[in-house]
């Protein structure tokens, strides 16, 4: 079902998962012990209902289909895996080294590009 959707809709689904996941992780300050898959899914559902144009383009019968939900679950897991395994850029690493030094050599843990972006934003703002 998911594979039969137009390419633009599939891309939009992936973007909505990425955006909602990064927003959720920012809310919990990337503290993995606070992560709740149910809380994330609730946040993603709210996001797609309020902000995702693709959600309105999909037929109601598809939205209710268990097969579609199963395929979405796989897509969500794949997308999250991609986000958390994408390494920070060299520029992000250098910027975080500089920012943490400016803050008195505080230690921040980050393992992916999105988490590094969170910390950079936190230090700059």
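Numbering (the numbering used here), first residue to last: 515 to 639. The beta carbon of each residue, even a glycine, is placed where N, CA and C say it ideally should be.
Would residue 515 and residue 574 qualify as a contact pair, given that the criterion is a beta-carbon distance under 8 Å? Translated into the one-based positions of the chain shown, residue 515 becomes position 1. Translated into the one-based positions of the chain shown, residue 574 becomes position 60. Not a contact, by the Cβ cut-off of 8 Å.
Residue 630 beta carbon less than 8 Å from that of residue 536: Counted from its first residue, the chain shown places residue 536 at position 22. Counted from its first residue, the chain shown places residue 630 at position 116. Not closer than 8 Å, so no.
Reduced DSSP category for residue 600 - H, G, I as helix; E, B as strand; rest coil: Within the chain shown, residue 600 is the residue found at index 86, counting from 1. Coil, per DSSP.
Residue range of the alpha helix (DSSP H) that includes residue 558: In the chain shown, the residue the question calls residue 558 occupies position 44. In the DSSP annotation of this structure, the continuous segment of the alpha helix (DSSP H) that includes residue 558 starts and ends at 551–565.
Would you call the stretch 600–615 and the stretch 560–578 touching, i.e. three or more CB-CB distances under 8 Å? Between the stretch 600–615 and the stretch 560–578, the count of C-beta pairs closer than 8 Å stays below three; the two stretches do not touch.
Closer than 8 Å is the cut-off here; do at least three beta carbon pairs connect the stretch 590–599 with the stretch 523–535? At 8 Å Cβ cutoff, the stretches touch.
How do the stretch 632–639 and the stretch 609–624 stand: do at least 3 beta-carbon pairs fall below 8 Å, yes or no? At 8 Å Cβ cutoff, the stretches touch.
Suppose the cutoff is 8 Å on Cβ atoms and the five residues either side in sequence are ignored; what does the same chain contact list for residue 614 look like? Taking the first residue of the chain shown as position 1, residue 614 is located at position 100. Within the same chain, residue 614 has close Cβ partners 620, 621, 622, 637.
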